[in-house]
Amino acid sequence: ALARLHAPPPCARIPMRAMRTQCCKPGCCQTIGAVVAFVIAVTCFGMTANFANLAATDPRSDKVSTYNADQDAWNNGESATYAAKWTGPAARPLPNLTVTGDKGGTGAAFQVVTVEGASASASALWASVGDYVQPATGTLLRAVVPGYHQLGVNVDSELQINIGADPARRTYSARGYKCQVMSFKKNKRMTWFARREFLTSVEILHHDASSDDVSLATTTPLDEVNCPYQWTQATDVVYEESTTTSSSERRAAERDCIDGRQPDVPLSLEIVLRSPADPRVTAARLSGGCSRYFGKTSADFVELAVGFGCTGAAFLVACVAFAYCAQSARRQHTMAVASAVMMVPGASQWQSGQVQSHPMMPGGTYA
């Protein structure tokens, strides 16, 4: 019995390697679980507060208000004013169009196109949200150069779009072709391919000859913020490496970008002229690109806040449960130690800070 009393504690008998992977003290694992659950719960509650604040302030409201104001103006007069330039008794002649590049110039004629919701389509503006002013009939000018990208002929890396006639002609530069070498891992081997894309549609803001915001004497790059380009992707040629260290396939994909400037099928080129007051242009500017997406709604943020709040509450309950289990484990351990001491024949109660005699140790004392 004395040997058991003076034996080293259980932790001392556990090898050092094992101590790294298991708890020594009673309730240790449950305490760690309680701390982890508490940290996760606090993080979730912080996210809940953040999303609740975003739901209350609605950060997209300013963008929606700006867009709706422009759409109202377009529906209530701007669209009709722009359409009157090209239709009716006072219509002006449609501007000339030529597209020039490495292989010479090609002409096409503009046509007036009237389309329901042409200014801002529902899909482009996520109108299912319901807080957008819906577009009315829109007017734009559209020209198509059929078969501009031909089989067996390299695509122009850069082309010039000439609108109007001298001295009021405006020239815009555009990319006709883009390519990017991409890769992914398959069966522990790198696979390379060239992502080739050909220009098939361009949107340009129409400016009157009297406007000074675009120089008549220089070539103006297209405004990328207005998302002017639409591309058609060609079939990818995939190169899988024969060894994990080979780079010949990557170089082959790079050569495809340089030499593969020929489309798989003939492609036409569409040129669209839009009014600077067109709300579609406003939507692209406010979203900073082609998405025309103004961000999450208040309802989206409320849903996220509720989700994180419920998750935080669940982890808080888990924290309380772990803490209770840890306390129970320590209490059971204390009771087990006390029972073992009381079972020693003739052993007196241990008292803190006092020296007790033991009948089995003649003349001896122990603390």
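With positions in the sequence shown counted from 1, the corresponding number in the numbering used here is that position plus 121.
Even for Gly, the Cβ is constructed at its ideal location relative to N, Cα and C.
These numbers were taken from a predicted model, which means no experiment stands behind them.
{"Asked": "Reference CYS149; option with closest CA among SER449, MET456 and ALA461", "Found": "SER449"}
{"Asked": "Cut-off 6 angstroms between Cβ atoms - residues of its own chain near GLY485, not counting five sequence neighbours on either side", "Found": "Residue placement at GLY485 is flagged as unreliable, the pLDDT there being 48, under the threshold of 50; the coordinate-derived value follows with that caveat. Once the five neighbours on either side are set aside, GLY485 has no close Cβ partner at all."}
{"Asked": "3-residue-minimum beta strand (DSSP E) runs that sit fully inside the segment 270-333, ordered along the chain", "Found": "279-284, 291-296, 298-307 and 310-326"}
{"Asked": "Buried versus exposed, by CB contacts within 10 Å (16 or more), PHE305", "Found": "exposed"}
{"Asked": "Cβ shell of GLN301 (< 8 angstroms), same chain only, five flanking positions each side left out", "Found": "ALA315, ARG316 and CYS378"}
{"Asked": "Helix, strand or coil at PRO267 [DSSP, three-state]", "Found": "strand"}
{"Asked": "Under the three-state DSSP convention, the category SER389 falls into", "Found": "strand"}
{"Asked": "Nonlocal neighbours in the same chain, by C-beta distance under 7 angstroms from ALA426, ignoring five residues either side", "Found": "THR169, PHE172, ALA173 and ALA176"}
{"Asked": "VAL157, DSSP secondary structure in three states", "Found": "helix"}
{"Asked": "Own chain residues within Cβ distance below 7 angstroms of SER419, not counting five before or after", "Found": "ALA176 and ASP179"}
{"Asked": "Where the alpha helix (DSSP H) containing ASN189 begins and where it ends", "Found": "182-194"}
{"Asked": "8 angstroms contact criterion, which THR356 and ASP380 should meet: CB distance rounded", "Found": "Contact doesn't hold; Cβ gap of about 15 angstroms is too wide."}
{"Asked": "Within-7 angstroms CB hit, SER419 to chain C", "Found": "This model lacks chain C altogether, as it is built from one protein chain only."}
{"Asked": "Closest Cα partner of ARG290 within the set HIS454, GLY209, TYR414 and HIS327", "Found": "HIS327"}
{"Asked": "Residues near ASP223 in its chain [Cβ-Cβ closer than 6 angstroms; skip 5 each side]", "Found": "ASP277"}
{"Asked": "Nearest residue (CA-CA) to TYR414, options ALA405, LEU272 and PHE422", "Found": "ALA405"}
{"Asked": "7 angstroms Cβ shell around GLY228 - same chain, five flanking residues per side excluded", "Found": "LEU218 and THR219"}
{"Asked": "contact_flag[the segment 431-449, the segment 155-169] where n(CB pairs < 8 angstroms) is 3 or more", "Found": "yes"}
{"Asked": "TYR350 - containing beta strand (DSSP E), residue span", "Found": "350-354"}
{"Asked": "Cα-Cα separation, GLY416 to GLY428", "Found": "19 angstroms"}
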